[in-house]
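If you read the sequence shown in our numbering, its first letter stands for residue 686, the second for the next number, and so on. Have a look at the structure below, then the notes.
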Amino acid sequence: VGDPPPLMDAATAATATAAAALVWFRKGLRVHDNPALDAARRSAARVYPVFVLDPRYLRPDPAAPSPGSARAGVARVRFLLESLRDLDARLRRLGSRLLVLRARDDVSDAVCAALKDWNIGKLCFESDTEPYALARDKRVTDFAAASGIEVFSPVSHTLFDPAEIIEKNGGRPPLTYQSFVATAGEPPKPVMEKYSELPPIGDTGGYELLPVPKLEELGYGDLSQEYIPPFRGGETEALKRMRESLQDKEWVAKFEKPKGDPSAFLKPATTVLSPYLKFGCLSARYFYHCIQDVYRSTKTHTKPPVSLAGQLLWRDFFYTVSFGTPNFHQMEGNKICKQIPWRENGELFVAWRDGRTGYPWIDAIMIQLRKWGWMHHLARHSVACFLTRGDLYIHWEQGRDVFERLLIDSDWAINNGNWLWLSCSSFFYQYHRIYSPISFGKKYDPNGDYIRHFIPVLKDMPKEYIYEPWTAPLSVQEKARCIVGKDYPKPVVDHEAASKECRKRMEEAYASNRLGGNPVKGNSSNSSRRKFSDGGQDVPDSSMSKQPRKRS
Ligand SMILES: Cc1cc2nc3c(=O)[nH]c(=O)nc-3n(C[C@H](O)[C@H](O)[C@H](O)COP(=O)(O)OP(=O)(O)OC[C@H]3O[C@@H](n4cnc5c(N)ncnc54)[C@H](O)[C@@H]3O)c2cc1C
686 VGDPPPLMDA ATAATATAAA ALVWFRKGLR VHDNPALDAA RRSAARVYPV FVLDPRYLRP
746 DPAAPSPGSA RAGVARVRFL LESLRDLDAR LRRLGSRLLV LRARDDVSDA VCAALKDWNI
806 GKLCFESDTE PYALARDKRV TDFAAASGIE VFSPVSHTLF DPAEIIEKNG GRPPLTYQSF
866 VATAGEPPKP VMEKYSELPP IGDTGGYELL PVPKLEELGY GDLSQEYIPP FRGGETEALK
926 RMRESLQDKE WVAKFEKPKG DPSAFLKPAT TVLSPYLKFG CLSARYFYHC IQDVYRSTKT
986 HTKPPVSLAG QLLWRDFFYT VSFGTPNFHQ MEGNKICKQI PWRENGELFV AWRDGRTGYP
1046 WIDAIMIQLR KWGWMHHLAR HSVACFLTRG DLYIHWEQGR DVFERLLIDS DWAINNGNWL
1106 WLSCSSFFYQ YHRIYSPISF GKKYDPNGDY IRHFIPVLKD MPKEYIYEPW TAPLSVQEKA
1166 RCIVGKDYPK PVVDHEAASK ECRKRMEEAY ASNRLGGNPV KGNSSNSSRR KFSDGGQDVP
1226 DSSMSKQPRK RS
């Protein structure tokens, strides 16, 4: 290993021929719109499609509810394995297959070993923006460069290249949706060329080729009692789900977030394509352009930020800001995050995490998270607000960690971005607007069917009390076979008092930030920011507990 040769530019690397190419799948678990796979098949006589199982996500998480729980919850890992099986099947139809490797420790070591052992001339992988992935990829590209291996690493997980947008914006990420959209322009078209065959895999000497493992083989223990979420992973399912969503053209044309019922669980009010976008089973560009096709066939349609296409722009917005903001995932050292002295309270945090706050709307959402790994956007708003600036005044990073573990769509940029938003730490500063854990859900679901589904112990509670069971007379509780304080918890805080206290603390925190605690220029009286930055996200709503507006 001598001096590392320079990496090839994208265009040369895409067409250069190599005897053997390795396509390293990480996200981007699809065949359609996959420029890395495309470049490999065009330029090499042999193509090795590889996925490496990352022990980082399968190791015990110290913050997890039970000892030994891995950092990625069972629902997400199940979804990943289903996606890998589907990818394998699709590659097999093209005469190839997926080679699943299990890294002992560091994924980059496993990739470098394969590059060397299989005498790879060209490495193709979709670029990533998350700090962990960037560090991992740098180890591999350094090795490739030093070994004379060409590297082709296109942007295809997002609509745009975050680095390009930052450059266009003068070296800084646009911090409002409006300026992001103005800078971004039109996203590139997806690569959708059809082909019937991939080059064969070469010799895999020394490697035992095993099928995609089962969950149990990854140490997930007894799964017989586990709830199986209603969403199956994989590109096949993603394309089917997208087509079904887009079939109803009127629905697409009228899509308007944040309208939509967060309690609808039999037929969710949004597409539920986020897990597929997270793992790249569905290309965001393909999805975006299919939405544009629908728009072209309808007379009128909603516009960003509230439209369906506008949702994908939110995704890119958070990817871009997170890519250009050091320490985006934390409060400390994060220049766009207000410094707020959140309080420590293990008991309240655990009650929130485990769906035992005594507020059925909040608890049902947290149980849906645990069982399904997915909840509606406004349901996420409700519980994130409750944990942070609404009721418990607990650090958003703690809530972020729980979501990171349990969501099947858990996504570093989007999860952190939305927690920053909901906790009024960045982007959105109207901390006086707090979701009521009682009236907000009731507005959509007065009978409480969502609560009854996810909290069976409350299933016979009369509708008058389903959102506030502690107010039911004892005789009613007995008849419903649910005694509050015994079968279902009493509220951990009094919402009226807690939310009042939270507003006061936020006001103090904002005042101290203004005095130099934080360089953020967030200001709830900035009307141009408000026009765009809270459209498509929060609800201007009568079920929010409000207090007279105060300037931040
Ligand atoms: C506290 C909190 C944490 C969140 N964490 C995640 C996360 O880890 N991963 C994730 O994908 N989404 C996250 N979201 C954003 C949003 O709730 C989900 O993307 C959305 O509910 C997914 O459902 P859907 O696919 O039906 O969305 P649709 O409304 O059908 O939207 C289509 C796609 O647009 C994107 N999108 C929609 N809303 C947002 C948004 N607010 N920000 C960025 N992209 C968006 C998603 O990729 C989504 O699949 C979070 C929201 C909150 C409030």
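Glycine residues also receive a C-beta, built at the ideal position from the N, C-alpha and C atoms.
In this structure, what does DSSP give as the bridge partners for residue i?
i	result
ARG731	ALA705
LYS807	ALA706, GLU835
ALA869	BP columns for ALA869 are empty, so no partner.
ILE1079	ARG1028
VAL796	Answer by DSSP bridge pairing: none, since VAL796 is not bridged.
VAL1241	This structure cannot settle anything about residue 1241, because the visible part of the chain is limited to 686 through 1237.
LEU738	ARG787
ILE1140	For ILE1140, which the question treats as bridged, DSSP gives no partner whatsoever.
ILE1047	Note: ILE1047 sits in no beta bridge, so no partner.
Got a sec: does ligand 1 put a non-hydrogen atom nearer than 7 Å to the Cβ of residue i?
i	result
ARG1055	no
PRO872	no
GLN977	no
ALA1157	no
PRO816	no
PRO953	yes
LYS963	yes
ALA757	no
ARG1065	yes
ALA1069	yes
MET1104	The identity of residue 1104 in the sequence shown is Trp, whereas the question assumes Met. Yes - ligand 1 has a heavy atom lying nearer than 7 Å to the Cβ of TRP1104.
HIS1014	no
ARG1000	yes
LEU1281	The question about residue 1281 has no answer here: the residues shown for the chain are numbered 686 through 1237.
PHE1125	no
SER1111	no
LEU1072	no
LEU1095	Sequence check: residue 1095 is Ser here, not Leu. Checking the Cβ of SER1095 against ligand 1 gives yes.
VAL957	yes
LEU1091	no
GLN1162	no
HIS842	no
Determine whether the beta carbon atoms of residue i and residue j lie at a separation below 8 Å.
i	j	result
LYS1023	SER1111	yes
LYS807	ALA949	no
LYS712	GLU811	yes
TYR1078	ARG1028	yes
PRO720	SER781	no
LEU1123	ALA760	With the sequence shown as reference, residue 1123 is identified as Ile, and Leu is not the correct amino acid for it. Cβ atoms of ILE1123 and ALA760: not closer than 8 Å.
ALA1036	VAL1169	no
ALA788	ASP739	yes
ARG1085	ASP718	no
LEU908	GLU901	yes
ARG1191	ARG1038	Contrary to the premise, residue 1191 reads as Met rather than Arg in this sequence. No, the pair does not count as a contact, with Cβ atoms beyond the cut-off.
PHE845	ASP1076	no
TYR1116	GLY1133	no
LYS1128	GLY1043	no
PRO898	GLY1058	no
ASP813	ASP802	no
SER728	ALA706	yes
With a CB to CB cut of under 8 Å and the five nearest residues on each side skipped, what residues in its chain are close to residue i?
i	result
ILE851	ARG857, PRO858, THR1005, PHE1008, GLY1009
SER1067	PRO947, TRP1046, ILE1047, ILE1050, TYR1120, PRO1122, PHE1125, GLY1126
ALA994	TYR973, ILE976, GLN977, TYR980
LYS988	GLY995
In chain order, what residues of the same chain have a beta carbon less than 7 Å from the beta carbon of residue i, not counting five sequence neighbours either side?
i	result
LYS853	THR868
LEU765	GLY918, PHE964
SER768	LEU714, GLY918, GLY919, PHE964, CYS966
PRO896	none
ASP1012	It should be pointed out that residue 1012 corresponds to Asn in this sequence rather than to Asp. Cβ neighbours of ASN1012 beyond the five flanking positions: GLY1018, ASN1019.
HIS1080	TRP1027
Leaving out the 5 sequence neighbours to the left and right, which residues in its chain are closer than 6 Å to residue i when beta-carbon positions are compared?
i	result
ARG1214	Annotation note: pLDDT 36 at ARG1214 (below 50); position unreliable, coordinate value reported separately. Around ARG1214: THR861.
ALA1165	ASP1145, MET1146
TYR961	ALA923, LEU967
VAL785	PHE736, VAL897
ALA820	none
GLY1207	Unreliable placement is indicated for GLY1207, whose pLDDT of 39 sits below 50; the coordinate value is still reported in the next sentence. Answer for GLY1207: TYR1114, listed in chain order.
PHE1088	ASN1100
So is residue i in contact with chain B if we call contact Cβ pairs under 8 Å?
i	result
ILE805	Any reference to chain B falls outside this structure, which holds one protein chain only.
Could you check how far apart the C-beta atoms of residue i and residue j are, in whole angstroms? I think they sit under 8 Å.
i	j	result
PRO884	VAL732	5 Å
LEU743	ALA757	7 Å
HIS1061	PRO1131	Contact doesn't hold; Cβ gap of about 17 Å is too wide.
TYR905	VAL762	7 Å
ILE1052	ILE1140	6 Å
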